[in-house]
Structure formats: structure tokens, C-alpha cells
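Protein chains in written order, with the working numbering: chain B, 1 to 205; chain X, 1 to 188; chain C, 1 to 464; chain P, 1 to 993.
The beta carbon of each residue, even a glycine, is placed where N, CA and C say it ideally should be.
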Amino acid sequence: MSAKLAVLFLMMTIGFAMPVLLGIRGIDDIQLPNIHTNYQPEQPISYSHRLHAGYLNIDCQYCHTGVEESRHATIPNLQTCMNCHAQLVLGQSDDAKTNIEALRQAWATGEGVKWKRVHNNPDFVYFNHMTHVKIAHYVDDAGKLSKGIDCAVCHGDMKTVGVAKQHQNLTMGWCINCHRDQNDRQGKLGLPKRAPVNACDACHR
Amino acid sequence: MPKPPVPLFCGVFSDEDDTLEATKACREAGFEFYDVYAPYAVHGLDRAMGLPFSKVTWVTFCFGALGMTIALSGMTYASWWDWPLNVGGKEALPFPAFVPITFELTVLIGGVCTMLGMFAMCLLFPGKKALLLHKGQTDDKFVIALKKGENFNEQKAREIFTRHHAEEMHHRDSHYNAADEPATGGAA
Amino acid sequence: MAVHVYSVTREPLVVGKKTLHEITHDVCHSIEGKPSMLWWLGFLTTGGIAAIGVITMFYQMYTGIGTWGLNKTVGWGFDITNFVFWIGIGHAGTLISAVLFLFRQKWRTSINRSAEAMTLFAVLCALIYPTIHMGRPWIGPLWIAPYPNLRGPLWVNFRSPLLWDVFAISTYFTISACFWYIGLVPDLATVRDRAKHWLRKIFYGTLSLGWNGSVRNWNHYETAYMIFAGLSTPLVFSVHTIVSFDFATSVIPGWHTTIFPPYFVAGAIFSGFAMVLTLLLIARKTMRLEAYINDVTLDNMAKIVLLTGSLVGLAYGTEFFIAWYSGSLYEGFAFINRATGPFAWSYWIMVSCNVISPQILWFKKLRRNPWVLFVMSIFVNIGMWFERFVIIVTSLHRDYLPSSWAYYKLTWVEYTELIGTFGIFFFMFFVFIRFLPGIAFGEVKGVNKFARHDDHAHAEVKHA
Amino acid sequence: MAIEIQTGRQDDLADMPPEMRAELEVVSKSRREFMQVTGMAAMGAVIAGCTAREHYVNPLLKKAEGITPGVVYDYASTCGGCASACGVVMKVRDGRPVKLEGDRSNPLTRGGLCAKGQAQMWGLYDADRVKGARRKDGDATWDELDAAVTAAVRGGGVWLLTGTVSGPAANAAIAAFCARTGARHVSYDACSSHAVAAAHKATHSAEVIPHYRFDNARVIVSLDADFLGTWISPVEFAAQWAQTRDLTGGRRELSRHIQFESRYSLTGANADERFRLPNAQRGALLVDIANRLAGDKRFGEPGKHDVLPADLDRIVSELRAAKGHALVVCGSDSEEQQRLVNWINHHLGAYGATIDLRNHSRQALGNDAALAELLKALEAGSVKTLVLYGVNPAYDLPEADKFRQALAKVATTVAIGTHLDETTSECAWVAGDHHALESWNDFEPVRGLYQLAQPGIRPLYKTRHGLQSLLKWAGEPAGGKDYREYLKTFWENNILGGLAWTSAVERGFVDARASVIHNMPVMNEDAAKAADLGKVPAGDFEIIAYESINIGDGRHAGNGWLQENGDPLTRVNWGNYVALSPHTMEALGVKEGDLVRLTAEVDGRQAALTLPAVRQPGQAEKVAAVAVGYGRVKAGKIVHGMGPEELAYNQAEGAAIGASAYPFVARGGKVVFGSVSAAGGKERVARIQEHDSQEDRPLIKETSLGQWQANPKSGNEHEIPPKDLTLWRKWEYKGHKWEMVVDLNKCTGCNACVVACSIENNVPIVGKKEVLNRREMHWIRIDVYYDDNDGSVYDGNLTRDENPQAAFQPIMCQHCENAPCETVCPVLATIHSEEGLNTQAYNRCIGTRYCANNCPYKVRRFNWFTYKHNDLTMNLALNPDISIRTQGVMEKCSMCAQRLYEGKRMAALHNGGKLADGMVSTACQSSCPTQAIVVGDGNDADARVAKLRKDPRNYQLLAEINTRPAVTYLTKVRNRAPKPANVTKTHDHGHDH
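Shown next, in the form of C-alpha cells:
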């Protein structure tokens, strides 16, 4: 009898715990150790930054045109790719040929390319590329002041990376600590402390 | 390595006053106590045995102080040093607001560690086998266990026990467990 | 050295001249034999109610707080009312254990175990409400704890009374649980040593930690018990003080009141004792514990109820006086609105149950009549529930800007959840009295001397 | 936390262009993902490999020239919400308009935009639109429709019925259609102002509505003209009026505004002096005024009216004293009354000063006489083909029933419209029209001021511009091309006069008005005389069907933003009601919410409706007022309730919100008498404010002009300066410190800010059921209080005054420096920013609601549920700069943080980092027709906001609790009558009930 009761008791305990477990309905709301550093998904076309930005030395903003005017850096539209690949550049290696053929196919059919998003801030984070690239001041580790933050600070040196890859962890702590550092460094140079640290509404609104 | 068993001489009583008096008498007679067992806390029995005051108070004090330190330093660190924020126009270091949590953490850590410390001092832990010198010692019987040392005077012990209405007297050792005896009564 | 004073003027705490073994047996047989039909009935009924309550809570958490009747003006209603109510109920247990222990009130021994259990269950019930009252209960408990994180790290707001609540209540629950458990260990050892079934042996053997009644252990034990009583006493006062800070530190007229801490503590003791009375009177009747829960116990408890009830009445009066005396437009209105506004019915229920009904306890005869006490205790329970309702809802529903004034209407979800928590509470109580010794017989045995000495014809002073 | 974009059903997508569909699928993606995650099976996968969650980016194939994703582009355009044709700036982002704002450069409206104008975006995105060509019983191709309609319009007997069409090109297109087909063009306004034009034809030989110039007036007398709310061009009038109500910047004079009215209108609430006057007595009063002005009895003997002679003498002498600066306006539909008004204005020298007949208004061109002819022809069966363009006569004509029956006699009925409403659904053919925000158009609100409207989005569906359809059916060659071509050609030939088309488009208007207000000297005094004008018609109950400020004439009845807006005075939303004065209610034995039945014989037909009664203090006795515009049966999903499906206010299919009051509209301004009786039963009325007395609390501070001139702190003397006695050191705000000042003198309570805020900040609408639960989500609300100047005691809810004065107070988050809400949040979800704002991080919020409880201003709003849109397409109206808040999260006004940051960004890019005053504006500020709201950097001594904070009129709401709000108010100053003789108590009512 007691054994049965004990089992029953155990089951009731689990029963009470269930709503808590099921209550985790927004499981994706929970900040699991959601660090995506080095996230490098396989892309429909294995576009190489190393080749284009590194070897061919194409400027970042040739493709990511929005970076100086908009919140979004923007993924280039296919027309940008086709500027070169329509006629001139058809690829050297087999791999490149396949990829470029896929690109031309996407263009010809009008289907476009469904890129996998690499840097993915949550919906409630309003990061603005233009502010950081065009307006913000930046003091690097060597103490050199520049207007606008170099892409590489956050994205790493894409000239050495093949398929796009997340360089930093992009957590709130990472953002905030850079802001704090910059305020300290720029404060030392006599500049106003402009990077918002104690203002939620700078990013969350 | 289990300790070798200590030979004991036990007297079993059923009244707390008798036990208390017998304990006093044993102590006066110079017997060395192994332990005295009582089903409930009998006031004065510990002093009658000659036990010092428990040191568990120090555990409480130290851990309470630790709790207070953790609370104060943690809150100061978090809200003033690490990320001072303007919350409702109040200062980043609002000491009055720290009072409740400081108090609670002091009590929490002090209290929980007191309990753990007490169990540690008593060498109690889940799964420990309880050694009973008499089956009724957690019910209605009191047991005085005297060590049978080199100059143990059993006669004198028997005399004291009998004088104080001892119900039974046994020779036991410290590894003896009355719970292993065949059942003779107990619960229905 | 302890001094025992036995007096003819004192009435026995345990009647019927029980032997120690009889005491053990009386208490233990209820958890050793087969449970009665009555127990099964209670167990299943309360379990069913609890299950319905839990399902409703789940539904509410999933669908949204909108399933409650709250609105933009009244942001707290049943949820926090129930929370404070249960926390208040939870006060008597620790008070009986700790404060009465320190004051050497021996009559507490017969009720302290179940009162402490009641405390734990009430605090558990109370804890349900802050959890489910959150808009996002799936994330709140994670974020309310200060721990290093990747958000900056972003800590928590140590200025918020809600955070104090979290610490206060979790501390209170933990310390009460420890206190309760320490008290249980010797009794569990007794039950263990009486156990026949292997499962019971393991269960009670594990829980009793190998206790064997050694006086060396009793030495540490009693000191620790005393320390716990000492820690719990300020704790029990601090908890409701902190709960009252939820309101007292705010700016809402009717909440922003310095009288709240003592007022809340008195109210908590009041409601807690009333609930203990309710439970004990049931237990006494159904489990035939008249010998242990006797007229002396009832009389003493009734006196405390009378005292705290009158304190609460005084607090009501003081609030009105201060509201008038302060000359604050908003404060004055808040209290006139309490007594005459749309929620006046709840105010008058509160006053009649809490202040008027306990006044019958001035009569000794009524103090010792279990039926009168039972009915009165139910009244006080209801009244104290309404006290929290009055404080929370009537203050909120008409505060500073008349444009936002609103009424608060309850939905079935709120009723079901309230009933559900009562189900959970009594369900746990049923489980408790089935598996754990419901009376601290270790301590009862300690005061049993009264019973055995009460035939002494003279006052006797004994030095130990 | 992923803030989900709420989405509805997928099948709404079927008719959308593929680009838009693709975009929507991206939008709906997170929802689908959420569904997957909810499944317990997916839980393990999520926990095990959170990096495996893939998101996709689909860039466009081709670059859209000049458009960068994420950048907002402003386009000048003209509002198509009603015929007032206010200038707007369309904020277009990622190829779709996300917000409309008033155009500051527009010479008429100067930056304001009313609630209806802003909310018209709803009509663009809602899923109830006509998605192409239709026949009565289903879809059709454009070819089928064109063939059938072309044949029909060539068969003669064609009538074209439109609303007010003011644009020159549009009128040219209509003229071309009429010329080719021999069609007769009739235009009408559901709420007609034709009497004004007809009266001017009689008195000034010009059948036009003059352009009123309230800004030139020192004394304004309005007889039932709700010119701040609904009359002719309210946004423009409000801007003009506000100019005369400005006491900042050294101005020390106010205009004097006297209102005589039967119901309590928004304009009446803003008047300096207000008289209750049943419509029946209006003629008598006019005659009385005119006689007193003339000094003889030349207009006959005035009947008995309620205004005391002493008051009238005073007002007449004030008018006389303000000769040349006085203006009398009248909302009457009676031509005789309007003629007399013209005489009064003429006598007061208003023509040429406060009334401009030369640059006359073209905002209400409806011609009731022509409409009557059409109705007669319909009745007679002589109409062979009826083309309806953007009108809904089957609903909004008083004779709607008759019209619907007569429609059956018409061989071919063609409707051009955007929605399947009561009329279009009855027509044989429906030519789906572009929404106003999808189409090119032109307007001429005032003669000589030509405005352009340009599309902000590619047409969402296979619709066609209505005017293009007309041209096509007429066989004009322009009908084959996009209407833009026709418009451009017409403007180039007739209007631009050498100005480049692109610069006209860029600016949005061409101003060719005559620069001098030209006086029309001719005044036919005899025309102002009418035999019965002074007579007071007798009857039982006077029934008034009025245009409400929220829904207007009913064309926007399917608009959730507008339905959710509370009436400025009764604060009732989601439905109309019978407004009755408190004493009338007592006499009838009805209480608030009791159903009341109105019946009347109007123009020979029986009209009846049953609606709940609502108490309206200050309304004339024995008058029942009902708003038109409600009771629409076919206005889309919204009329069947709103909000998440499980919460929807369930109404029977086909049941409408409220009941139509159009049948109670009488032609020619006749007074409608009928009976009012309790119908038995009750219906809960949803209102967003239930208590309308201030309870003697100093919330809206008010003073009179005289007192203010003597003491600029008057009315504000009791301001308790927050003491600096504090436990805490004060925080310093070193950079910007955002502050807001609301001038209560200018706020008219029009609700434009409420809608602007809702659209800008993605504030959900919750529907009637949730409003009944008091859970509206508005971040800004406009409180209204009646003053208790009879000193009545607190009686539970409402003021007991007979003719109380009402005042408005917009309340949004006050951004307190010592914010009570911040202290109590356990998780730091709401803290103070270094720029002085009270910020709320939704993603941090766990929803304890403690902050809302502790907010003395009750401005915080909790997401009781997940408020998702019923229509997937409505998600296009969401502002991408603002998170969508999920269930269980607290939200509130952020002082438009996104706009403040955008302003700072613009300052950094274009102004060397110096934020000039005016570079930032909040949504409420930029929508306000009277510019009552000023936002700026309080640390900038040159900023207007900093100056206004030093104004003696400035006060903090609930200053004594020392919250130190960043939002402050300026005392309301009324230009009160020298001595208060206007309280006309008819009987004692102070007893208790």
C-alpha cells in the first residue's frame, strides 16, 4: 500500500511540475546559450569573400550598398552580381563554374538566391549600420581615432574568409562593452561620450 | 576503516527524571559516558553529562556574516560598480534599498548553514545507519551507556542504575544495533 | 539550568495521562495503518480541485493574463490578493514554532508541527501567484535572479520591492522548511524504528539521517533549534513587512502608507492563527486529537486572535485618521472611496469579519467552544482575504487621474484558480498527515510531565 | 525572445503581386517557426542545436533605383481621406507607405492631419478590398467589364454620381466622360454643406462655399458649426483657430469664440462661451442677432429661444465692436438660415476680412438639388446606366432604402470603388479602384491651390484608377494608359505654366491663389429675409443626426484605428449611441446603456433606430443626438468585431457596429421631431473613460484671459514646486534631455495624435469586447473633464452640471525623472535613459504589471493577449522600426525614441552634429493640427520646449508627488465672458437620486 502511495505521490509531484515545463511555451524566448560565433552555414552559392574582397579587392560597399544610408547593410541584389558575371566572369575552376552557373540560372528564372542569414540579431534589436559606419567615432586598441567603424571590427577580416561567417558573438554584452570601452577611450581623448550605454531605447523600442 | 567496537554497559530507564538523576550520579561517581540516549530533548541532560555548549552558534555567526557580505558586496557590485543605471532618479548606490535583501540573505545563508553544520557536527547524513542500544530509545526509553574502561566498576554502575529505577541493564558494544533484534512488538 | 514550574493554576497541556509510548502510538498509528475512507475522500477531492486549478493556471498562462478580469487601471487583483493572503496564512506556523518557542509557550507543542507544515504549504500556494501573475512566466523566474549573463551583464533591480519579495519569500520558505525538517528528524527516527515495511524503512531511514537520540546530538540539536527560532522570529516579521513594502513604497494613495509593515504583520498573524484554528479544529475532530489540542490551546489561540484582530482594527482606524489628518486630497479620497465607493461591499465585509467578529472572544466560554471558534476562524479567513482585496483593488481602481478610473470584474479563471490553490493547500495537507507525524510528539513528550504531575496537590519547584 | 510578427490566414495572399507576397512570406516566417517550436517534438531539436535555426534573406533581383531597404522616403501628396484635401507627407519604406503626416509646407493645413486622414492606410492594407474587376455575383475580367460598360454608357441615359471631386484634371476627365457619353454628372456629400453655397448664390450670386479665415477673426460665433471637428475643412480651420489661441512667444490676446449648439460638439468644448440651443431655436436666435445688429425688426419677430437677452446683447455688442474681425459661421442645412448668416457677416464686414469668396473653398461641392433630380430620375426609371464613383449612396443617403430599390430599375449599374460596400455590392459591375495611396490624383481644395496626390506603393491588386476607367469607357485615348499620363499632360498644359512637373510633384502643390482677399461688394439683403425664419417649430423630441469626428460620414467605418478612437466628449468607441442630456434621461427614466428607440417621420418617410443611451452633459434638453457613419453592414471584417479571434466581439454575420442615423437626416435643414422611448434591454457601451469629473483635482489648470493678463501664473498659482529634499543625488543629463510641452490652450481634443501614435508605434487595436474590459492599448489618450462649476458633491461618476465646460488633456507617458514605475521593476526592464527618457525594454519585461500599478498617470499598457491582425496584409502597415509586443509585456509611450534617434542621426549627417530645434518630432506632435505639442531638447536653451518650460503657464501634472515629469502642460486660458451669466438653469436639479 505504502509503495503504491509513494508512487502516486511522485506522480502528483510531477503533475505539479508539468505546467512549469509546459509553460515554457516560448522556448525560443529563453536565452539558451545562443552564441553563434563562427556560424557559417552552407549557402546555396558558396560565395567566397576571400576571392572577391580579398584577391579581387572589391570594396565592401560595392555590394553592401545600404551600409552608409540605412539600418541594413543589405545583401546585394542579383543585378550587382550580374554586373560582372553576366558576360565577363564565368569562373575558372569547376566549382566556380557550377556556382556561377547557379547564379545565372537564378537570374534567368527570376527566382533569386535564397541566402542563409549569417548575422541574425533578434527582432527586438535595432542595430543601425549607418550610425556605426558613418557617424560613430572609433578608437582602436592602438588608440587611433577614426570616424566610422571599420567593418572588420565586428565582421572580422572578410578578406580571409571564404563563405560568410559570424566573427563576433553579437550578444548584448558584447555590444555594451564595446560602447563602454569606446566611451572611456574617447573620453580620454576629450571627445563627448556618445555611445549609448544607459539608454535601452537606443536598441530596444 | 571501521573503528573497533567500544564495550559498553547500558542502563535503560523509562522516566526522564530518573535518567537525569542517574546521569548525575554516574558523573559524580566518575564514570566515563559513551553516550546517553533520550527519545526527546531532556533539559539538563547534556549538562549533567558534562557536555560543553554546542559550537553550532559559531557556524551561524560565520555564515550569517558571509551572507551579509555576499549580499552587500554583490548588490554594490551589480548596481554601482558594474553597471550604474538611473532607476527612478535614485542613486546607483541606494543603500536603504539594500537592507531587506541583506537581511534576508544573512538569515538564509546563516540558517541553512546552521542546519547543515548541526547535522555535520552530529555526523548525521542521509543513509546513515542508526545504531540503537535499545529498541525503545526513540520511543519511550532512556539509555545511559557507560564505557567499560580499564577501571570500570560494574557493581557501582548497577547500584546507581538500580537506585534510579533502571528497567534493564545490558552489556553491549558500540556496534550493537537493537534494530537487528527480532521484532517483539512495536507498531501495529 | 532550566527551571520547571508546575502549578495547580495551570491546566494540563496533555489530558488523559498518556504514557510516552501511548503518545507515540497515538500519533504514529495514523500514518502506519491503512488510510481511512475519510482520508481517501479528502485526498481525492482536494487532488481533483488542485488538478482543475493547475489546468486553469496553465490555460491562463498560455492564453494570457487577459483571461483574468484585470484592466489598464487595476493591474493586480485576485493574483496578488491571493499571494498576500497565503503569505499571511503562512505566518502562523513559524510564529508558533519560533516566537512561542522563545517565549516558552509550551502549549505550542501540540500544534507546531502542523502549523509549520501549513506554513510551507501556504507559502507554496503563495508562490504560485507571483509566478502565474507574470505576463511571461516562462521567462520571469529566469530573469529575476541575479546571475552573470551575456547581456552586459544586466543585473536586476535591487530597489524593487518585488525583488525583495523574491528574496524574502524564498528565504522564508527555505528557513521554515529547514526548521520544520529539524523538528521532524527525531520524530522520523521514531517512525523509522517502528516501521515494518522495507520501503517505509528506507523512506523514513533516509529522512531521519540516522538519528538515534544521542544526547551529544541533542546538545547540538537544541542549540540549532534555538538559533532557528531566533532567526525565524525576525524573519517572520520581515517577510510580511517586505510584502507590505510592495504597497508602502509605491505612490498610489491607499498604498503609500507607513503603517503598512506593522499592520501587515498583525494581519498576517491574525489570519495565520485563524487558519491554524480552522485546520486544527478539523484535525482535532476527525483525528481524535482532543487530548493534545485541548481547551487550553484553543483558549490561548483565541486570545491571540482577539489581540491581533483588534490590532488590525486599530490599523484600519489609523489609516482613516491619517488620511484625513494628512490633508492630502488623493489620500483622503482613497479612503472615502474604500468605505463608500463601488467596492464598499468588500470593505464592509472586511470590517465586519476582521474587527467585529473576533470581539466575541472576550468571553471565555466562547473562546473554548470549538464550534464558535471554527465559525469565527472562517469569518476571519474571509475577512483577511478581503483585507488584501480592499487594499489592492480599491486603491488601484481609483487613483490619481479620474479619467482612468475603472471597475474590476472577476472571471471564472480567477475563481477557479483561487479554489484550485485551496485544493493544492489541502491536498498537500492530506499528504502530509498521511506520511509524516502530524504532531511533534518528541516535543509533546517533553511537556507530558505536566500531565503526569498534575495530580500533585501543591506547587512544586524542581531544580534540574 | 522572438517578437513574432502576427499573421493571419494565408489565403488572403492569392491576389497579391508576387513581390509583395514574397515579402509577406518573410514576415510570416517567424510565426510558422513559432508554430513548429510549440510542438513538443521540436523542443528537443531546438535545445540540442540552437545554431541550426536558419533564417533566410531574399534580396531583390534588380536594384530599385533610389531606394535603399530600411530607409524612409518622404513623398508630398494629398490626403484622400475626405474631400478636405489636406497636404500630406507620405512616409514610404521598402516600397510601402507606413505613415502619413501633415505637410508643413502646405499653405492651408500647415502640418496637421486628422485622425481619418492618417488612418486611411487601413483601407489600403485591409483584406476586404476589391481586388480587380467584379460582376455582382463574382469576379470578372477587365475586358468583360470594359466591354459591357462601354456598351452601356454609349446607350444614353447615363448618370455619373460622385462625391466631391475638386481636382482640375479629375474634373476634366469627368467632363470628357460626360461629353462623350452625354452623361449627367451629379456630386453629393453625405454630410452636405450645400446650403452655404446655395445661400451665397442668393446673396452674393456665387454658388460657392467661401473660404473661412478664422485666423483673421477676433470674435467667432458659431451656430452648430463643428468647424474644429467635422465642418468643411476641420484641420485647416483648427490650424487657423489655434493661431488665435496662442499665448506663447509674447502674444497676449485671444480670439473670443462663442458657440451655440444643441449637442455637445468638439468645437463647443473648445469655445470660450457655450450656449445650449436646440436646433429648432436656431432660426429665432439668428433673427434676434440680426435684428439687434440692424437695430430694428427688419427680419421679423424672433421666436422664443433659450439665450438670455442680456447674454445676447453682450455678444452682439462684442460682434459689433469687432467689426471687420468678426466671423459668424453656421452649420445649418437650411438655406434661409445661411442667407441670414451671410447678411450678418456682411453687416459685420466679414467678407474680405474673415471670409474669402474669391479663393473660395472647393472642399464640398455636393449639390443637393442635382441629387434630388437624380433620385427623381431613378424613381421614374429614366436612368439607364448609373456610374457610381467612390460613393456609397445605398448607405449614406437619407433615402438609402429608396435608392436601393430604385437601383433595380437601372439597366446597368457600375461602381468604381475600393471596397465592397453597401452600394458596390448591389451594382452589376464593380471596377476595382486604386486606393488613394496607390493612385495619382489632383485636388483643388481652395480655388487656385492645386494639389497633387502621388502613389506610395505599386497597386497591391489588379485594380485600375477610377478616372482611367471613366476615360476608357468614354473611349478617350487616355483611357488606355495609366492615369498618371493624363494627369501629367493636363497639368503641363493647364496648370504648371512652365514649372517642371517633377518639381510640382516634389512639392505636392502649386499655389496660384489670388493674393488679396477680394471683397464681393454685392449683397442682396432681401434674399436674407424669409417669412418664417424667426418661428420656432414645435415638436416632441428633436432628433439630430450628426457627423462624428471619429468615423465621419461612414466611409471609414471599417477602420479599426478610427473605431477604437473614443468620441472626444463621451469617450465612447466601437459604435454609436443616443446622446441625451442628464435631465432628459431622468425624465425618460433611462439610464446609461439602456436601449432607446427613436422614431420620426422625416421628409415623408419613417425612420427608426434602437441604440443605447449615453449621458451627455451640456446637451440641450429634449434633444437626442445620434452620430451618422455607423450601422454599416458591409464595411469589412471590422464591423463584425475585432481583435484576436478568440477574443472577438462576436456579432452575428451581417450585424453592424451601431445603427445608421442617416434616415434621420432631413433635407433643407428641417428640424426633425420624433419620439424617444425606452426600448427595454441594455447594451454595454464601450468607453475609454468612464469618469468625467476632475473631482476638484488640479489636473487641467484653467484661467481666464483677464486673470492671465493680470497675472501670468494665474490658474497655476498652486503649482507646488518639487522640493529638492531628497535622499538621492540628482542625476545629470549632460547631452540631450528630451522634453515635451503640451499647450492645453491649443489642444482641441481631436484624436489625431492618438491615431498617429497607434500607427507609428504599432499599437494594437483591441476591439469592443476588450475596450469594455478597459484594456485599450493607446499610448496617448485625451482625457476630457467637465468642470464642476456648480460645486456639486461627488455623486459616483459624472458631473451634474447642466452646461458644463469641457477641457481636454492629452496624456502620454510623462517620462518622470523620478519615475515611480522604474523603481519597482524587478528586472530593470524600465529605466531612465541618459537623455531623460523613461525607456521600456519589451524584451526584458516579464509582465509583473507593478510599473503600471505604480504609475500615477496610468499610461502603461499591458499586452493581455497576443493581439494579432486578422488580416495578413495589415502587417504591411506595421512600422518596421518598432518591435511587435507579445503577450505578457508592458508597453508605453517612448516619446517616439526611433524618431529621436533618427533626428540625431540626421543632425550628425547634415548639421554637423548640432541638433537644431525642430529636427526631432514625435508622431503626436507632427500630426497635431493646432501644434499643441512641442518636443525638443530641454538642454538646448534655444529650443522652443526649453522656453515653454519657463513659461509661467507651465505646470507639471501631479507635481506634488515629485515625479518631475519631462512632459509638462501649459495652463488653459479661456477668453471668458466678462461675467458668467451664461449658466441658464431651467430647473433645480441638485437633489440626490
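Nearest chain P C-beta to residue i closer than 7 Å, yes or no?
i: B:Trp115; result: yes
i: X:Gly110; result: no
i: B:Gly23; result: For B:Gly23, the predicted model reports a pLDDT of 46, less than 50, meaning its position is unreliable; a value from the coordinates is still stated below. No, because no Cβ of chain P sits closer than 7 Å to the Cβ of B:Gly23.
Within the 7 Å Cβ cut-off, does residue i reach chain X?
i: C:Ala177; result: no
i: C:Ile242; result: yes
i: C:Lys286; result: The amino acid at residue 286 of chain C is misidentified as Lys; the sequence shows Thr. So, not an interface residue.
Can you give the Cα-Cα distance for residue i and residue j, rounded to whole angstroms?
i: P:Met16; j: P:Lys63; result: Model confidence at P:Met16 stands at a pLDDT of 45, short of 50, so the residue's coordinates are unreliable; what they give is reported in the following sentence. Using only the alpha carbons, I get a separation of about 21 Å.
i: X:Gln137; j: C:Gly210; result: 13 Å
i: C:His256; j: C:Ile391; result: 11 Å
i: X:Pro39; j: C:Ile23; result: 12 Å
i: P:Ile457; j: P:Arg135; result: 26 Å
i: X:Asp173; j: C:Asn212; result: 15 Å
i: P:Ala370; j: P:Val391; result: 15 Å
i: P:Gly70; j: C:Asp399; result: 43 Å
i: C:Leu124; j: C:Phe426; result: 12 Å
i: C:Thr308; j: C:Gly90; result: 15 Å
i: P:Ala197; j: P:Ile344; result: 16 Å
Counting contacts by CB-CB distance shorter than 7 Å, is residue i in contact with chain B?
i: P:Trp731; result: no
i: P:Pro59; result: yes
Determine the chain X residues that contact residue i at a beta-carbon separation under 8 Å, and present them in chain order.
i: P:Thr823; result: Val87, Gly88, Lys90
Looking at residue i: is its Cβ nearer than 7 Å to the Cβ of residue j?
i: C:Val99; j: C:Ile439; result: no
i: P:Glu834; j: B:Ala199; result: yes
i: B:Cys63; j: B:Thr80; result: yes
i: X:Glu104; j: C:Phe167; result: yes
i: P:Pro393; j: C:Ser160; result: no
i: B:Val161; j: B:His49; result: yes
Going along chain C in order, which residues have a C-beta closer than 8 Å to the C-beta of residue i?
i: B:Thr171; result: Leu150, Arg151
i: P:Ala852; result: Lys72, Gly75
Closer than 7 Å by beta-carbon distance: list the chain P residues that pair up with residue i, in chain order.
i: B:Cys200; result: Ile831, Ser833, Thr839, Ala841
What does residue i reach in chain P if we use C-beta pairs closer than 9 Å?
i: X:Pro96; result: Leu727
If the cut is a Cβ gap below 7 Å, which residues of chain C does residue i touch?
i: X:Val36; result: Val215
Counting only Cβ pairs nearer than 7 Å, list the residues of chain X close to residue i.
i: C:Lys445; result: Pro39, Tyr40
Between residue i and chain C, is any beta-carbon pair separated by less than 7 Å?
i: P:Phe865; result: yes
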